[in-house]
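In what follows, a single structure is set out as structure tokens and then discussed.
2 protein chains.
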Amino acid sequence: MARVQRDGGDDSAPTTELPAVRGQGPPAVNGRANGRGAPIPADKARVIPEAAVARLAVYLRVLSGMAEQGAVTVSSEELATAAGVNSAKLRKDISYIGTYGTRGVGYEVDVLTSEIERVLGLTRQQKVAVVGIGNLGHALANYGGFPGRGFPVEALFDVDPDLIGIPVGGLPVNHIDDIPDICATRAIAIGVIATPPTAAQAVCDRLVEGGVHCVLNFAPVVLGVPEHVEVRKVDLAIELQILSFHVARNAEQRASRRTAAARASSNGEVV
Amino acid sequence: MARVQRDGGDDSAPTTELPAVRGQGPPAVNGRANGRGAPIPADKARVIPEAAVARLAVYLRVLSGMAEQGAVTVSSEELATAAGVNSAKLRKDISYIGTYGTRGVGYEVDVLTSEIERVLGLTRQQKVAVVGIGNLGHALANYGGFPGRGFPVEALFDVDPDLIGIPVGGLPVNHIDDIPDICATRAIAIGVIATPPTAAQAVCDRLVEGGVHCVLNFAPVVLGVPEHVEVRKVDLAIELQILSFHVARNAEQRASRRTAAARASSNGEVV
DNA sequence: ATCTGTGAAATCCTTCACAGCG
DNA sequence: CGCTGTGAAGGATTTCACAGAT
Chain A
1 MARVQRDGGD DSAPTTELPA VRGQGPPAVN GRANGRGAPI PADKARVIPE
51 AAVARLAVYL RVLSGMAEQG AVTVSSEELA TAAGVNSAKL RKDISYIGTY
101 GTRGVGYEVD VLTSEIERVL GLTRQQKVAV VGIGNLGHAL ANYGGFPGRG
151 FPVEALFDVD PDLIGIPVGG LPVNHIDDIP DICATRAIAI GVIATPPTAA
201 QAVCDRLVEG GVHCVLNFAP VVLGVPEHVE VRKVDLAIEL QILSFHVARN
251 AEQRASRRTA AARASSNGEV V
Chain B
272 MARVQRDGGD DSAPTTELPA VRGQGPPAVN GRANGRGAPI PADKARVIPE
322 AAVARLAVYL RVLSGMAEQG AVTVSSEELA TAAGVNSAKL RKDISYIGTY
372 GTRGVGYEVD VLTSEIERVL GLTRQQKVAV VGIGNLGHAL ANYGGFPGRG
422 FPVEALFDVD PDLIGIPVGG LPVNHIDDIP DICATRAIAI GVIATPPTAA
472 QAVCDRLVEG GVHCVLNFAP VVLGVPEHVE VRKVDLAIEL QILSFHVARN
522 AEQRASRRTA AARASSNGEV V
């Protein structure tokens, strides 16, 4: 693992530092809001746009599929197509993490894979706890080792007394009152909330109490958390509503196009 | 329902047209790629940024919670706080759909609710089909009427012969070969893919064949679709990996801060 | 000749800050 | 006086297009 040196070693930082993201701090109520008085030293480079991080994870998956099929190198064009983005964006995304390509050739699949894994912090295991063992929680718990290894589920919680002690996917369910203790002792890194919306905030508070810094929230509520805690939301209803918007928009578009076409002439295009 | 006229009717378009989103077309391989030769007429206004659409759905939920508690009006500040955004952004988002507030007062909860519902196309029902009745599919099917009504699940599909005919959440499971027929006859608007990744593309193709224009994809693959089809992705592994990135970044930050602190002096700050 | 890496331009989104209505 | 609606400024992200490496 431990890289010795950057390939096209251009600037400083020989250490194995991990990059930061930009635009992360809270909106900053007004004016300067950075602890010290300094005008933000920040190493300038070495920040990865939040949007790029999400895509790097996609590239990683595409790469693993390619590796399985025996690919050794891949061009930005191929990888981009497979990932559903354009190649300029892909190259820029990759450039945020270093320069691992060979001009005229492309990227080595395994090099790129391990570099993305390094940046995403996938070299160490992140322990996961799932709270709320209903339909969804069951589905999540049964993933066993979570998607693509690296995210072992190490604790389950629910309120329902009938569930406590029952093993789901090989792990016994604990009561949510034990969240702080168990998360702390098992060093849980990521809490997944799959409870009804009314319970979500209380559960979240206990996770934070137990030292969890990252939360994946499936409950349809906006969680309040201290600023060092990172929350990501997966919201089915909102996804459907966004799709609904597009249905409506398209229907409208088609309708007005039809009107326009009818006005212009009776043309038998198929489109 | 049918609005008679915009409140602060400033520009044209007295019809009940629905807005479009910006930046929607595919990346366009290179150069001009819009069907006709026109330099994109586009009505200029009346486009809602994609990012705003997602937030409007959030506001909608927060509003319904407020309505339940008997609130009649709400200020941009209150609504914004409850939705976890800042008030300027909220006001701008709302301004994309019209001007429904009262200066010095705020917004009427029910007016705003129904206007957002209108824009999101929630006034008509969007029929949903769920494909892949495994753990996740079960969870989805059992939502019964999908989140917040408006999205009735009207068809279920799987390959497993043991499942065909079995009712799940009140609906019998059909074979995936019947997707095109059934989706067409039942006028399914949205297809939800909860299959293993290997099956996802084939399922998606059949949904499209059945006239489905919107797909919500839970399978960890990038789907290829004709350009009139809208796909949204919910990807557990990627969400976890993004969180993992933040864990790694924070750990790194803490480490370097510790180093810096140690270097500067043995200071007993808490932070 | 090909394909990466990247400044610079273009586009999209957010935040500021204030005019103006009630 | 309070609060919305919105130009304009400021950031962030995407795309262009080309210099430079192999």
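These protein sequences, in sequence, are chains A and B. For the first sequence, our numbering begins at 1 and goes up steadily by one. For the second sequence, our numbering begins at 272 and goes up steadily by one. No residue lacks a Cβ here, since even glycine has one placed at the ideal position from N, Cα and C.
For A353 (chain B) and V222 (chain A), the gap between their C-alpha atoms comes out near 7 Å.
Contact note: F422 (chain B) reaches chain A through L240, using a C-beta cutoff of 7 Å and chain order.
For the C-beta of A82 (chain A), the chain B residues within less than 9 Å are, from N- to C-terminus, V493.
An exposed status is given to E498 (chain B), since fewer than 16 other beta-carbon atoms sit within 10 Å of its beta-carbon. I166 (chain A) and A139 (chain A) have their alpha carbons spaced roughly 15 Å apart. Any Cβ of chain A closer than 9 Å to the Cβ of F516 (chain B) would place that residue at the interface, and such an atom is present.
Under the Cβ criterion of 9 Å, V105 (chain A) is not counted among the residues facing chain B. By the neighbour-count criterion, in which 16 or more other beta carbons inside 10 Å mark a residue as buried, Q340 (chain B) falls on the exposed side. About 27 Å separates the beta carbons of A508 (chain B) and I459 (chain B), which is beyond the 8 Å limit, so they are not a contact pair. For E501 (chain B), the neighbours in chain A by C-beta distance under 7 Å run, in chain order, L243 and H246. Contact annotation: I450 (chain B) and V402 (chain B) have beta-carbon atoms nearer than 9 Å. When DSSP assignments are scanned along the region 345 to 414 of chain B, the uninterrupted stretches of beta strand (DSSP E) that are 3 or more residues long and fall wholly within it turn out to be 377 to 379 and 399 to 402.
In the structure shown, V424 (chain B) falls within a strand segment according to DSSP collapsed to helix, strand and coil. Nearest CB-CB separation between R61 (chain A) and chain B: below the 9 Å threshold.
Taking a 10 Å sphere around the C-beta of G375 (chain B), we find fewer than 16 other C-beta atoms and assign the residue as exposed. Residue pairing by DSSP places H446 (chain B) opposite B:D429 in a beta bridge. If you draw a straight line from the Cα of D181 (chain A) to the Cα of G121 (chain A), it comes to about 25 Å.
For V329 (chain B), the enclosing alpha helix (DSSP H) begins and ends at E321 to E339.
Under the 9 Å criterion on CB atoms, A471 (chain B) is classed as non-interfacial with respect to chain A. Contiguous beta strand (DSSP E) elements confined to the region 464 to 539 of chain B occur at 485 to 488 and 501 to 504, taking only those with 3 or more residues.
Taking 9 Å as the CB threshold, C485 (chain B) lines the interface with chain A. Assignment of I182 (chain A) by DSSP, reduced to helix, strand and coil, places it in the helix class.
For chain A, the residues of the region 452 to 476 of chain B that bring a beta carbon within less than 7 Å of one of its beta carbons are A460 and I461, in chain order.
Beta-bridge partners assigned by DSSP to G462 (chain B): B:A400 and B:V486. Taking C-beta atoms under 8 Å as the contact rule, A473 (chain B) and C454 (chain B) fail to qualify, at a distance of about 14 Å. At least one beta carbon of chain A lies nearer than 9 Å to the beta carbon of R520 (chain B).
Distance from the Cα of G84 (chain A) is smallest, within the candidate group A:A57, A:E108, A:V153 and A:T73, for A:A57. Taking C-beta atoms under 8 Å as the contact rule, V231 (chain A) and V215 (chain A) qualify, at a distance of about 5 Å. Scanning its chain for C-beta atoms nearer than 8 Å, with the 5 sequence neighbours on each side dropped, one finds around L361 (chain B) the residues R326, Y330, S347, L350, A351 and A354, in chain order.
Against A260 (chain A), chain B offers no close residue; the least beta-carbon distance is about 11 Å (beta-carbon pairs closer than 8 Å). Your pair D506 (chain B) and P491 (chain B) checks out as a contact, with CB atoms roughly 6 Å apart and the cut at 8 Å.
Checking the DSSP bridge columns, you'll see I435 (chain B) partnered with B:V444. R61 (chain A) and A260 (chain A) have their C-alpha atoms spaced approximately 44 Å apart. Think of a sphere of 7 Å around the beta carbon of G392 (chain B): the chain A residues whose beta carbon falls inside it are S244, F245, V247 and A248, in chain order.
Using beta-carbon distances, V329 (chain B) counts as an interface residue toward chain A, with a partner under 9 Å. In the structure shown, V72 (chain A) falls within a coil segment according to DSSP collapsed to helix, strand and coil.
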